[in-house]
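Okay, structure first, notes after.
Number of protein chains: 4
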Amino acid sequence: MKAFVMQGIGETAIVEKERPEPGPMDAILKPTVGLICTSDCHTVHGAIGDRDNLTLGHEVVGIVDEVGSEVEDFMAGDRVAVGAITPDWNAEAAQEGHPSQSNGALGGWKFANVKDGTFAEYVHVNDADGNLAPIPKGVTDHQAVYTADMLSTGFAGAENADIPMGGTVAIFAQGPVGLMATKGAALQGAGQIIAVETRENRKELARVYGATDIVDFQDGDPVAQIMDLTNDRGVDAAIEALGADETLQNCIEVTKPGGTVSNVGYHGEGEFRHIPREEWGVGMSEISIVNDLCPGGRVRISRLLRLLQAGKVDPRKMTTHEFSFDEIETAFEMMDDKRDDIIKPLIRFD
Amino acid sequence: MKAFVMQGIGETAIVEKERPEPGPMDAILKPTVGLICTSDCHTVHGAIGDRDNLTLGHEVVGIVDEVGSEVEDFMAGDRVAVGAITPDWNAEAAQEGHPSQSNGALGGWKFANVKDGTFAEYVHVNDADGNLAPIPKGVTDHQAVYTADMLSTGFAGAENADIPMGGTVAIFAQGPVGLMATKGAALQGAGQIIAVETRENRKELARVYGATDIVDFQDGDPVAQIMDLTNDRGVDAAIEALGADETLQNCIEVTKPGGTVSNVGYHGEGEFRHIPREEWGVGMSEISIVNDLCPGGRVRISRLLRLLQAGKVDPRKMTTHEFSFDEIETAFEMMDDKRDDIIKPLIRFD
Amino acid sequence: MKAFVMQGIGETAIVEKERPEPGPMDAILKPTVGLICTSDCHTVHGAIGDRDNLTLGHEVVGIVDEVGSEVEDFMAGDRVAVGAITPDWNAEAAQEGHPSQSNGALGGWKFANVKDGTFAEYVHVNDADGNLAPIPKGVTDHQAVYTADMLSTGFAGAENADIPMGGTVAIFAQGPVGLMATKGAALQGAGQIIAVETRENRKELARVYGATDIVDFQDGDPVAQIMDLTNDRGVDAAIEALGADETLQNCIEVTKPGGTVSNVGYHGEGEFRHIPREEWGVGMSEISIVNDLCPGGRVRISRLLRLLQAGKVDPRKMTTHEFSFDEIETAFEMMDDKRDDIIKPLIRFD
Amino acid sequence: MKAFVMQGIGETAIVEKERPEPGPMDAILKPTVGLICTSDCHTVHGAIGDRDNLTLGHEVVGIVDEVGSEVEDFMAGDRVAVGAITPDWNAEAAQEGHPSQSNGALGGWKFANVKDGTFAEYVHVNDADGNLAPIPKGVTDHQAVYTADMLSTGFAGAENADIPMGGTVAIFAQGPVGLMATKGAALQGAGQIIAVETRENRKELARVYGATDIVDFQDGDPVAQIMDLTNDRGVDAAIEALGADETLQNCIEVTKPGGTVSNVGYHGEGEFRHIPREEWGVGMSEISIVNDLCPGGRVRISRLLRLLQAGKVDPRKMTTHEFSFDEIETAFEMMDDKRDDIIKPLIRFD
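Protein chains in written order, with the numbering used here: chain C, 3 to 352; chain H, 3 to 352; chain V, 3 to 352; chain S, 3 to 352.
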């Protein structure tokens with residue numbers, strides 16, 4: 003089968019690989035639609051170290067091709083979604099309430115990290131009963147594929163922010179995760195949703211997904227703008243969706259005492275992140291700093307599919323470009339450059 | 003000044019009363035717009051015992067007429083909203099996180115319970131800094147008056163239900179509190195929102211406020227219908243917004259193990275409510291039964307006003323009738339009878 | 003192998019059975035020490051319906067005899083504990099945070115319910131990696147066997163009660179689960195711990211496990227006594243550890259507005275449990291009614307073992323009687339009659 | 003009256019001042035016993051900026067001397083405790099659940115910050131009903147004075163750490179706050195309590211208060227020692243009770259994915275605190291960083307007094323030195339130097 007792989011840092015290629023085989027609890031999935039993620043680009047640039055011939059990709063939906071002997075709830079032919087994170091559900095961290103951390107920090111992240119990812123003609127999914135979700139009628143593959151990471155991660159940013167009904171929130175950066183954090187804040191009942199962004203098409207989409215105010219950092223210090231918009235009280239919660247030191251600091255600076263800073267950005271560089279001591283209230287401000295790795299699993303993905311089915315969110319507006327699997331190298335390069343106002347490139351496998 | 007009072011069980015009248023005086027932390031409010039609540043009717047019928055010459059009403063907005071000597075944040079002329087519940091914020095229950103229960107069970111409920119209510123030309127509000135909220139520009143009195151009880155109580159029903167993002171919920175009865183619980187469930191990110199109701203105009207409004215499914219109990223057992231709609235899994239949460247024994251039992255019956263039953267109905271009659279033992283999992287199903295008295299206070303009301311300001315909810319669709327203060331007895335009778343498909347009657351004080 | 007079984011309602015016997023075989027993820031355990039539970043008696047009396055030749059028992063520790071091909075963390079010869087509840091960790095309810103409810107209400111309860119229990123020479127344990135826990139050095143089998151149910155259930159009663167540090171709690175009934183709820187309340191930092199009981203040896207043990215006050219219902223209405231002990235404020239939380247309608251009502255009656263009623267009693271009889279409407283604050287008191295089925299799993303059991311290892315609790319004081327496996331019928335009868343001030347009878351398998 | 007004051011940075015003196023007068027909701031307290039806190043020393047050294055003639059001290063108990071006209075629950079002659087933090091209970095932050103942050107960051111901290119502190123013959127307490135707590139019979143002034151700050155702050159460190167029953171925790175530094183965090187961890191049911199300290203008398207006291215393991219950083223890297231003690235899994239929670247950058251980093255390094263870092267140290271110096279990016283899981287480890295300012299108020303202090311009354315904690319072991327009020331300058335200097343293995347110096351006012 004064909005697979006789109008990383009061949010050492012900075013190198014990608016389409017290669018031939020063996021079709022994977024399922025263990026007793028696993029499934030083999032035949033992808034129909036996938037998405038490229040900025041973190042695929044990070045990976046190729048070496049963010050998680052070198053990899054040799056590792057298939058890339060973690061956002062995909064498709065058709066079950068084969069299941070292992072112990073799988074009970076799925077069979078070949080089922081149309082399914084699968085999370086970017088596929089936890090080991092009996093692991094200690096999962097029992098502790100953190101399935102994404104099963105078997106070590108970020109251990110639920112298997113695709114394109116510790117095993118082959120989803121940009122291939124066949125994809126191995128561990129624990130099919132625990133990690134696949136049937137796609138309901140009326141939900142297209144194009145919609146469903148957004149549950150794997152963008153909806154799950156973005157919404158988690160909003161859920162962890164613990165925004166009170168009618169409360170105030172600022173979301174730093176409106177890439178696809180930030181946009182879904184903005185939508186997530188709306189779905190959590192936030193009353194004032196301040197989106198920080200400078201690109202025009204992303205600012206527009208932020209409005210579509212529920213932002214009540216836009217702060218463009220090219221118009222001046224975003225912290226000052228947000229304090230103005232909140233009558234100098236600061237926000238109940240701030241969401242970091244970029245992965246940068248400065249925006250994390252900004253989040254702490256705009257959050258009121260007792261509020262929450264919720265990180266979903268992937269912090270790929272630097273030895274430290276910096277907490278500004280005074281704005282942190284010398285360690286006594288009751289500001290919490292929380293974070294998450296994309297929640298996965300059958301229940302999570304099924305809930306997100308239910309929101310799509312009910313029409314509560316339409317993620318397709320983020321699909322700015324479409325490609326066939328043959329064109330994936332071009333798609334990957336465009337995503338890497340953020341060329342042509344790209345937000346999410348969709349890959350069709352047929 | 004004129005006041006609409008209860009003169010013993012079953013008796014109401016418009017009478018002359020002395021204008022109240024503020025204590026050092028209090029304010030006197032001149033109402034502009036009010037709403038009649040079904041619980042006013044319950045009160046007149048004796049639900050909380052006899053009352054002599056007690057002014058009725060607890061849903062109002064208006065203009066500050068006078069403030070006490072220690073009030074810092076408000077002055078005469080301010081346009082303000084006030085919750086139906088006006089807690090004593092330094093009381094033990096408030097410090098314990100339950101301000102509505104300050105000074106005894108339901109002790110934050112003062113209007114038309116332990117002191118004169120809001121259907122008068124002047125209204126006394128305890129702890130003005132703690133219990134008034136400025137109405138922002140762009141929010142009309144007609145919108146704002148819904149924060150006092152309907153939005154606060156209905157939304158609390160949804161917040162306490164602990165509905166996971168994309169989860170499933172059933173709301174029993176679509177009176178104004180139930181409708182706002184439905185809207186609250188939508189604002190909390192529910193994926194499937196099943197509204198139980200039989201009156202046509204309420205069923206329509208439920209759709210407007212976010213219901214994805216309507217269950218009409220005249221079409222058969224609502225429990226069976228809800229189990230059908232959820233593939234026999236039951237809902238993550240059920241909200242009781244009627245105050246009846248049967249619907250509370252239904253809530254337990256449709257809630258999946260580990261789910262939540264959230265009561266906001268006012269249970270006015272009977273010695274007991276009944277928990278069906280087997281559906282309760284013989285006390286081991288991990289179904290929680292929680293409830294709330296309408297949250298009040300400056301922060302709560304301000305957050306709800308922010309939702310109105312942002313256009314996230316339009317409660318005016320529930321105003322089926324309007325009256326002048328002179329006509330309040332007619333309005334009260336119609337509400338008591340639920341005549342003419344009435345949902346909420348609005349009272350204008352000018 | 004020998005097994006102690008239920009042969010229809012009211013009938014028990016020691017019989018010969020086939021030794022069980024492990025599936026790929028399972029283990030076979032050779033018991034060393036077990037405990038008889040009152041719920042074994044309930045089962046024999048028909049509480050969960052008829053059973054034919056079902057091995058009884060769910061509290062046991064022992065030595066791993068064999069593991070399935072996929073088991074990673076255990077091998078023959080390991081000394082291990084296992085919870086009374088052995089969840090399916092990838093099931094939907096487990097992913098929702100309720101592993102004890104995996105695969106339907108109370109579905110994690112497999113031993114002596116849907117499969118053979120632990121009173122046999124060999125015991126089948128599903129998902130060994132997820133459900134076994136190594137017993138640390140310095141913890142005896144006699145101590146460790148209490149983690150299976152008594153510590154896990156009793157402590158859960160206290161944990162779910164959400165007792166604030168220094169808060170007040172009443173625990174109704176001081177059987178072994180109630181005693182461990184009392185100890186659990188002490189371990190959760192309760193300031194006033196009121197144990198309700200009438201048997202002398204249980205009252206004494208309640209003191210040992212941390213009760214600050216004893217209420218004997220033979221001295222008068224326990225509700226009145228508890229209100230007296232709390233200056234008429236009521237308790238922050240009440241724990242039901244008996245499984246009776248009257249004590250559940252008492253729990254609601256003694257709990258202050260905003261408090262929690264935490265049920266761990268097994269309610270074996272009757273169509274309904276009764277919520278007293280007025281003491282429930284007509285559905286607006288903010289009293290929560292929660293419950294639990296004994297938490298199981300490797301993490302839970304390991305944490306409980308850690309408490310034993312650190313000497314934070316000594317459950318052996320509850321072992322009033324000891325028997326060999328040959329004498330289990332006598333032990334069972336004594337437990338059924340609650341003869342000779344029995345609290346827990348220990349079974350030795352060697 | 004006499005008062006011990008700060009007269010500019012680095013200067014203290016005993017001076018004569020006017021006795022304060024109560025506002026309508028306030029009380030005047032006549033101290034009997036006080037404690038000196040290291041943060042008094044920080045204040046004199048300029049940590050919160052310059053102050054002129056500000057009375058020092060925030061830990062005291064005493065007798066009510068006079069109450070304002072609106073005070074309901076206290077009268078002259080009452081023996082009472084008062085928290086170091088005395089919130090404005092109707093403020094927005096208090097309504098949001100963060101009373102210590104009322105009226106701005108750390109705004110509930112009034113004594114020796116924005117108004118005169120407690121080292122004087124008479125002390126003004128705002129909102130007597132909300133902020134005083136009666137001392138129960140059987141609790142001495144010497145015990146009760148520890149509720150003001152040491153018990154409240156230390157225990158908060160443990161409560162916020164969200165330690166599961168039987169879980170593991172490391173507490174960095176065993177000064178009086180750290181010792182009470184250690185005791186708090188024990189009272190929250192921790193199973194393994196690792197205290198980090200190097201002074202012998204503090205290590206001994208840590209054992210007394212519940213530590214199961216001691217890590218002396220003079221014996222090597224405390225992070226490595228803690229990883230060893232936890233079989234390389236890390237702890238469920240780490241508590242920072244020193245206020246240093248390095249220990250905060252250590253906390254993040256020893257906390258397992260999904261765990262909690264709970265800060266109660268006062269971070270008095272430096273522009274930033276540093277989050278080690280990799281150990282933080284590149285922002286996706288699900289490690290939360292939380293913090294607290296000493297909780298105050300009648301309910302909090304009453305709960306802590308209840309723990310003293312029940313004998314669940316004896317803080318007097320921390321009192322290494324005693325002085326009369328006349329000798330307070332000597333006491334202050336010893337505390338500043340941490341001379342003679344001082345932990346807490348007690349001041350007697352009679």
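C-beta atoms are modelled at their ideal positions from N, C-alpha and C, and glycine is treated no differently.
Check, Outcome
"Neighbour list for ALA96(S) in chain H, Cβ cutoff strictly below 8 angstroms", "TRP91"
"VAL210(C) classed as buried or exposed, judged by whether at least 16 other C-beta atoms fall within 10 angstroms", "exposed"
"Residue from GLY177(H), ALA239(H) and VAL292(H) with nearest C-alpha to ILE344(H)", "GLY177(H)"
"C-alpha gap between TYR268(V) and ILE277(H), whole angstroms", "14 angstroms"
"7 angstroms CB neighbourhood of GLU288(S) in its chain, flanking five on each side removed", "PRO259 and GLY260"
"Reduced DSSP secondary structure (H/G/I, E/B, other) of HIS126(C)", "strand"
"Pick from LEU56(S), PRO33(S), GLY25(S) and ALA83(S) that is closest to SER71(S), judged by C-alpha positions", "GLY25(S)"
"Contact between the segment 198-210 of chain H and the segment 129-143 of chain H (3+ Cβ pairs under 8 angstroms)", "no"
"ARG308(H): contacting residues in chain S (beta-carbon distance under 9 angstroms)", "Per Cβ cutoff of 9 angstroms: no residues; ARG308(H) is ~13 angstroms from chain S at best."
"Contact list for ARG305(S) against chain V, beta-carbon separation under 7 angstroms", "PRO166, MET167, GLY168, GLY169 and GLY193"
"HIS323(V) classed as buried or exposed, judged by whether at least 16 other C-beta atoms fall within 10 angstroms", "buried"
"The beta strand (DSSP E) enclosing THR34(H), as first and last residue numbers", "29-37"
"Boundaries (first-last residue) of the beta strand (DSSP E) holding THR275(S)", "Just to set this straight, residue 275(S) is Arg in the shown sequence, not Thr. It spans 274-278 - the beta strand (DSSP E) in which ARG275(S) sits, taken as one unbroken run."
"Separation of ILE165(V) from VAL69(H), as counted between CA atoms", "40 angstroms"
"Strand pairing of GLY64(C), partner residues [DSSP]", "PRO33(C) and VAL82(C)"
"Residues of the segment 67-78 of chain V whose Cβ lies closer than 8 angstroms to any Cβ of chain C, in chain order", "GLU72"
"GLU68(H) beta carbon near the ligand SAH (any heavy atom closer than 7 angstroms)", "Looking for the ligand SAH in the displayed structure turns up nothing, as the structure carries no ligands at all."
"Rounded distance between the beta-carbons of ALA29(V) and VAL66(V), thought under 8 angstroms", "5 angstroms"
"Limits of the unbroken alpha helix (DSSP H) element including LEU231(C)", "224-231"
"Contact set between the segment 100-131 of chain S and chain H, restricted to residues whose Cβ is under 8 angstroms from the partner", "PRO101, ASP129 and ASP131"
"Three-state secondary structure (DSSP) of PHE157(C)", "helix"
"Where THR214(V) meets chain D, residues with beta-carbon distance less than 7 angstroms", "Annotation note: the requested chain D is absent from the structure, which comprises protein chains C, H, V and S."
"Under 7 angstroms by beta carbon: chain C residues contacting PHE274(S)", "HIS276, ILE277, PRO278 and ARG279"
"Contacts of HIS269(V) in chain H (Cβ-Cβ under 7 angstroms)", "ARG279, VAL284 and GLY285"
"Segment contact flag, the segment 9-24 of chain H with the segment 44-63 of chain C, C-beta cutoff 8 angstroms, min 3 pairs", "no"
"Beta carbon proximity, LEU295(H) to chain V, threshold 8 angstroms", "yes"
"Supposed close pair GLN354(V), GLY191(S) - CB separation, criterion 8 angstroms", "There is simply no residue 354(V) to check, as chain V begins at 3 and stops at 352 in what is shown."
"Beta carbon of ALA1(H) nearer than 8 angstroms to that of ASN105(H)", "No answer is possible for residue 1(H): it lies beyond the span of chain H, which begins at 3 and ends at 352."
"Bounding residues of the beta strand (DSSP E) (the contiguous stretch that carries VAL179(S))", "Looking at the DSSP string, VAL179(S) is not in any beta strand (DSSP E); the run it does join, the alpha helix (DSSP H), is 178-189."
"In DSSP terms, what VAL263(C) is bridged to", "ALA240(C) and ILE291(C)"
"Start-to-end residues for the alpha helix (DSSP H) that takes in GLU18(S)", "Where GLU18(S) is concerned, there is no enclosing alpha helix (DSSP H), although the beta strand (DSSP E) it sits in stretches over 14-18."
"Amino acids of chain S, ordered along the chain, whose beta-carbon sits closer than 9 angstroms to that of GLN190(V)", "MET167, LEU189, GLN190 and GLY191"
"Interface residues of chain H facing ASN265(V) [CB-CB closer than 7 angstroms]", "GLY285"
"Cutoff 8 angstroms: GLY299(S) Cβ touching any chain H Cβ", "yes"
"Alpha-carbon spacing of ASP215(H) relative to ILE196(H), whole angstroms", "5 angstroms"
"Partners in chain V for GLU161(S), counting only beta-carbon separations shorter than 9 angstroms", "PRO166, MET167 and GLY191"
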